[in-house]
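Take a look at the structure set out below.
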Amino acid sequence: MKYPLLTSLLLIVALAGFGWWLSTIGEQESRPEQAELHYPDYYASDLVSVRYNQDGLPQHRLKSVAMRHFADDDTTELEHPIFWQYAAGAAPWRVTATSATLYGNNNKIFMPGEVQIDHAASNGKRPYQITTSDLWAHPDSGYVSTKQRVQITSQGDWLHGVGLQGQLLEPVKIKLLSEVRGYHEID
4 MKYPLLTSLL
14 LIVALAGFGW
24 WLSTIGEQES
34 RPEQAELHYP
44 DYYASDLVSV
54 RYNQDGLPQH
64 RLKSVAMRHF
74 ADDDTTELEH
84 PIFWQYAAGA
94 APWRVTATSA
104 TLYGNNNKIF
114 MPGEVQIDHA
124 ASNGKRPYQI
134 TTSDLWAHPD
144 SGYVSTKQRV
154 QITSQGDWLH
164 GVGLQGQLLE
174 PVKIKLLSEV
184 RGYHEID
């Protein structure tokens, strides 16, 4: 044989490669299938949910065309939700979106896409319409926030800005975070 060293070396490399290949097959077979399944464990159609305060008055109300709960991450997805936030002695705030995701114990709601917030005139206060997107809401505290563009209109007045932090319960406070422009008609 002319090249015994080269032949031996090639044989060793081939055996090592074959051994490595066999070990990877064994690892794949011994690993259990861990497919991340994200299937609803329960669902509802035409859902209406009302939470009451200690006095038996509505605190907030949620209506949705469809609802799906996922046990793997404890989220709830809503289609075409309408959310009402009630405050004593005032008209409710109405929040409308295309979809929403409720997290954990339903104390955080994320509404991706366009969101409309309406508040009717009551107790001598003007009506408000707020249009924004990607809104976070905390129903128990009445807090809402977004980092997206915001437009607030009330009768002939308007405000535009980027980012919003708001408290929908009394005392109502709405703060635009940057690039604020507005128009106000003085009576």
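This note's numbering applies: residue 4 is where the sequence shown begins, and numbers increase by one.
Backbone N, C-alpha and C fix where the C-beta goes; we use that ideal spot for every residue, glycine too.
A quick note: this is a predicted structure, and the numbers were derived from the prediction, not measured.
Rounded straight-line distance, which links the Cα of residue j to that of residue i
i: P43; j: T79; result: 9 Å
i: L172; j: K111; result: 16 Å
i: S52; j: A94; result: 19 Å
i: R97; j: H41; result: 31 Å
i: Q88; j: I189; result: 30 Å
i: I177; j: T27; result: 59 Å
i: H72; j: D121; result: 27 Å
i: R129; j: Y146; result: 20 Å
i: R152; j: G169; result: 14 Å
i: P61; j: G164; result: 32 Å
i: I155; j: Q132; result: 6 Å
i: F86; j: W23; result: 59 Å
i: S136; j: K150; result: 8 Å
i: D76; j: A19; result: 44 Å
i: Q158; j: L167; result: 20 Å
Residue i in three-state terms, based on DSSP
i: S102; result: strand
i: S181; result: strand
i: A47; result: strand
i: G145; result: coil
i: I28; result: helix
i: A140; result: strand
Residues near residue i in its chain [Cβ-Cβ closer than 7 Å; skip 5 each side]
i: A103; result: L81, P84, I112, F113 and M114
i: G92; result: N126
Beta-bridge partners of residue i, as assigned by DSSP
i: G159; result: Partner(s): none; G159 has no beta bridge.
i: V53; result: R64
i: G2; result: In the structure as shown, the chain starts at 4 and stops at 190, and residue 2 therefore has no counterpart that could be examined.
Beta-carbon proximity list for residue i, same chain, < 6 Å, skipping 5 on both sides
i: L65; result: S52 and F86
i: A90; result: L172 and E173
i: W139; result: F113 and S148
Exercise. Of all the beta strand (DSSP E) runs that stay within the bounds of the segment 66–91, which reach a length of 3 or more residues?
Worked result: 78–82 and 85–88
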